[in-house]
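Top line first, the protein sequences correspond to chains A and B. Add 125 to the 1-based position in the first sequence for the numbering used here, that's all there is to it. Add 15 to the 1-based position in the second sequence for the numbering used here, that's all there is to it. Each residue gets a CB set at the ideal place from its N, CA and C atoms; glycine is no exception.
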Amino acid sequence: MAAAISAKSLTKEFGRREVLHGVDFEVEAGSVFGVIGPNGAGKTTTMRCLLDIIRPTSGTIRVLGTDPRAGGPELRRRIGYLPGELFLAGRVTGRTLLAHYEAISGPVPPGRVDQLAERLGLDLTRHIRKLSKGNKQKLGLVQAFMHQPELLVLDEPTSGLDPLVQQEFHAMVREAKHRGQTIFLSSHVLSEVQQTADTVAILRDGRIIAVESVSGLREGAVRRVRFTTSGIAAHDAVARLTGVPGVGHVEVLEADGTATLSATIGGDIQPLVRMLASLRLTDLVLEEPDLEEAVLTMYAAPQEEAR
Amino acid sequence: MTALPLFRRAFFDTWRSTLGWALGLAAAIFLYLPLYPSIGGSAQMQDMIDALPPEMTKALNYDQIATGPGYTQATLFGLLGFLLMTIASVSWGAAAVGGDEESGQLELTLAHGVRRVQVVLERALALLLRVVLLAAVVCVLVWLLNGPAQLGIELGNLLGATVLFAGLALLSGTAALCVGAVTGRRTYGLAAGAAVAVLGYVFNAVGRQSKDVEWLLDVSPYHWAYGNSPVANGADWPAAAWLWGISAALVVLAAVALERRDVGA
């Protein structure tokens with residue numbers, strides 16, 4: 126079984142409003158698949174279709190080889206789900222609530238709940254209504270991960286979490302992947318997904334407008350380079366820099382016999398590094414590529430062209 | 016894995032609410048029934064009731080207030096007890112599916128290894144058991160006060176009246192559950208449950224006024240249950256069967272409706 130999820134020509138209408146207009150994608154088993162898109166693009170609707178919470182108007186879905194409509198409780202026990210708008214209530218402790226979800230999901234290894242709660246810094250003895258939004262989110266993550274499901278469907282998993290806990294979450298995703306679990310997660314910003322995902326799909330207005338591997342995006346992405354050199358005339362340095370393939374937006378600043386040049390570079394960085402090696406550098410900054418910018422420039426064009 | 020996980024959560028996590036309603040009903044019982052020897056049974060009271068407009072005594076079912084069973088029927092089972100039980104049942108019924116969906120919690124529950132029909136049935140069972148528990152509390156307390164308050168109620172009649180009392184509240188509660196499950200809105204469920212109770216009560220009160228509007232009694236669940244004063248005269252068992260049967264049908268309808276539609280959309 127190569128695909129953990131496959132969706133073909135998925136459409137969904139609510140009354141007269143069509144929210145999904147033919148969504149197609151496949152998530153390879155054992156991979157981390159991120160869906161990004163603005164709010165209202167259809168991420169949550171797509172995820173709810175996977176769990177048979179809502180039913181698509183047309184199209185086919187296979188989750189772990191089964192149609193979610195027919196899979197029933199047996200299929201959903203093999204999935205861990207975190208809703209996008211998590212709402213937990215009740216005058217019970219976190220531990221009691223998790224015991225309830227444990228009773229209606231797949232088997233949870235002993236000690237697993239405490240281990241996850243400790244990692245995320247969650248106090249299970251507190252009453253749910255006294256928990257902050259971030260702590261409720263942690264509780265939601267624990268219930269999704271605790272039975273080590275074959276597939277994790279996580280809608281905006283890091284919302285409300287502070288940066289340290291986000292890092293821990295990314296570690297949990299990597300470990301889940303290492304264990305062979307498949308992760309399908311969504312976000313409205315790419316920077317969140319790029320840290321963990323192998324593949325990124327961009328959903329906009331109810332359509333998948335692009336599916337890219339993160340490494341592919343990284344290669345295609347534009348970096349910013351800035352360096353200061355001495356012992357060479359500024360115009361000479363500029364000439365050498367512009368000679369490197371993929372370089373653009375060159376700017377230069379001369380001061381006291383040194384020249385500070387900045388530019389953007391797309392594609393392979395090897396020629397740039399070779400050129401830089403020939404200079405006497407006093408400072409060098411090569412920034413991490415901003416994938417977000419890369420995606421935005423790639424798909425700022427009208428949808429028809431992007432497809 | 017434990018049996019009936021959804022029932023257990025719905026039943027046990029609301030024990031404070033159940034206890035609160037039980038205390039409220041107990042307070043109503045201890046407020047009304049011990050007063051019977053000094054109010055209901057006295058000649059003075061009978062004179063006062065005779066002085067009231069007959070339409071009013073009929074509407075309030077106070078025409079039988081001079082006897083212990085009639086007094087218990089009119090004040091407790093027919094009025095304050097009916098009101099408290101109905102509010103409890105309707106609020107639980109509306110929260111069971113519609114309220115849970117509206118708050119966003121039903122989505123997460125359905126994403127787990129449960130069937131929708133199972134969700135409705137287990138939560139309806141929790142509603143049923145809580146209503147039966149409250150009715151049992153009422154029955155036991157009335158029986159305890161039967162001697163001291165000189166009510167003279169027969170045990171068989173009291174048990175029969177309790178079955179009708181529970182059935183009447185359950186009908187409003189299952190109406191709330193059903194409409195909540197069909198619409199996904201707690202408020203619609205509350206409105207439906209309240210409508211069944213209030214219209215039933217009003218149709219009974221108006222229907223008793225004249226022959227011309229007697230047909231209203233036929234569509235009043237309140238009148239089905241209490242038309243022959245069960246505390247005094249014993250239960251009308253076919254009426255009890257109707258109340259419980261319609262409740263069961265409403266639960267089935269709720270399960271079918273939830274099974275067929277999108278949740279949280």
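- Within the stretch 172 to 197 of chain A, Arg-173, Leu-176, Asp-177, Ile-178, Ile-179, Arg-180 and Gly-197 place their CB atoms closer than 9 Å to a CB of chain B, listed in sequence order.
- The beta carbon of A:Gly-259 sits no closer than 8 Å to any beta carbon of chain B.
- The distance from the Cβ of A:Ile-178 to that of B:Ala-126 is about 6 Å, consistent with a contact at the 8 Å cut-off.
- Looking at the DSSP output, B:Gly-222 bridges to nothing.
- Cβ-Cβ distances below 6 Å link A:Ala-322 to Val-157, Gly-159 and Val-339 in the same chain, with the five nearest sequence neighbours on each side left out; the list follows chain order.
- B:Tyr-51 carries a coil assignment under DSSP once its states are collapsed to helix, strand and coil.
- Secondary structure note for B:Asp-233: its alpha helix (DSSP H) is the uninterrupted segment 230 to 233.
- In this structure, the CA atom of B:Leu-231 is about 11 Å from the CA atom of B:Trp-239.
- Straight-line measurement puts the Cα of A:Gln-395 at about 18 Å from the Cα of A:Leu-386.
- Take A:His-295, set aside five residues on each side of it, and the residues of its chain with a beta-carbon closer than 8 Å to its own are Gln-320 and Thr-321, in chain order.
- Between the stretch 307 to 318 of chain A and the stretch 236 to 252 of chain A there are fewer than three inter-stretch CB-CB distances shorter than 8 Å, so the stretches are not counted as touching.
- Of A:Leu-406, A:Pro-370 and A:Lys-133, the smallest CA-CA separation from A:Asp-149 is found for A:Lys-133.
- For A:Ser-316, there is no enclosing beta strand (DSSP E); the residue is part of the alpha helix (DSSP H) that begins and ends at 315 to 319.
- The Cβ-Cβ distance between A:Arg-348 and A:Thr-389 falls below 8 Å.
- Cβ neighbours of B:Glu-117 within its own chain (closer than 7 Å, five residues either side excluded): Gly-199, Arg-200 and Arg-201.
- Put simply, the stretch 231 to 241 of chain A touches the stretch 256 to 273 of chain A. At least three CB pairs are less than 8 Å apart.
- The beta-carbon of B:Gln-120 is placed less than 8 Å from the nearest beta-carbon of chain A.
- Against chain A, the beta carbon of B:Val-278 has neighbours under 7 Å at Ile-178 and Ile-179, listed in chain order.
- For B:Pro-84 against B:Ala-247, the beta-carbon gap comes to about 4 Å, under 8 Å, which counts as contact.
- No Cβ-Cβ contact shorter than 8 Å links A:Arg-216 with A:Arg-187.
- Look at the beta carbons and you see the stretch 169 to 177 of chain A not touching the stretch 219 to 227 of chain A: under three pairs across the two are nearer than 8 Å.
- When the beta-carbon positions are compared, B:Ile-44 and B:Val-153 come within less than 8 Å of each other.
- The Cβ atoms of A:Leu-207 and A:Pro-282 lie closer than 8 Å to each other.
- According to the DSSP assignment, A:Thr-407 belongs to no alpha helix (DSSP H) but to the beta strand (DSSP E) extending over 406 to 411.
- Scanning chain A for C-beta atoms nearer than 7 Å to the C-beta of B:Val-129 yields Pro-198 and Ile-229, reported in chain order.
- Among the CB atoms of chain B, none fall inside 8 Å of the CB of A:Pro-274.
- Boundaries of the alpha helix (DSSP H) around B:Phe-26: 20 to 27.
- The beta-bridge partner set that DSSP reports for A:Arg-187 consists of A:Ser-131.
- The beta carbon of A:Gly-215 sits closer than 8 Å to some beta carbon of chain B.
- In the DSSP annotation of this structure, the continuous segment of the beta strand (DSSP E) that includes A:Leu-386 starts and ends at 383 to 391.
- Taking C-beta atoms as the reference points, A:Gln-268 and A:Leu-223 count as a pair closer than 8 Å.
- Taking the Cβ atoms as the reference, B:Thr-17 lies roughly 10 Å from B:Arg-24, outside the contact range of under 8 Å.
- Residue ranges of uninterrupted alpha helix (DSSP H) with 4 or more members, entirely inside the stretch 315 to 360 of chain A and ordered along the chain, are 315 to 319 and 339 to 345.
- In the DSSP assignment, A:Gly-197 falls within the unbroken alpha helix (DSSP H) covering 193 to 201.
- Taking a Cβ-Cβ cut-off of 8 Å, the neighbours of B:Pro-20 in chain A comprise His-225, Ala-228 and Ile-229, given in sequence order.
- Judged by their CB atoms, B:Leu-192 and B:Ala-139 are nearer to each other than the 8 Å cut-off.
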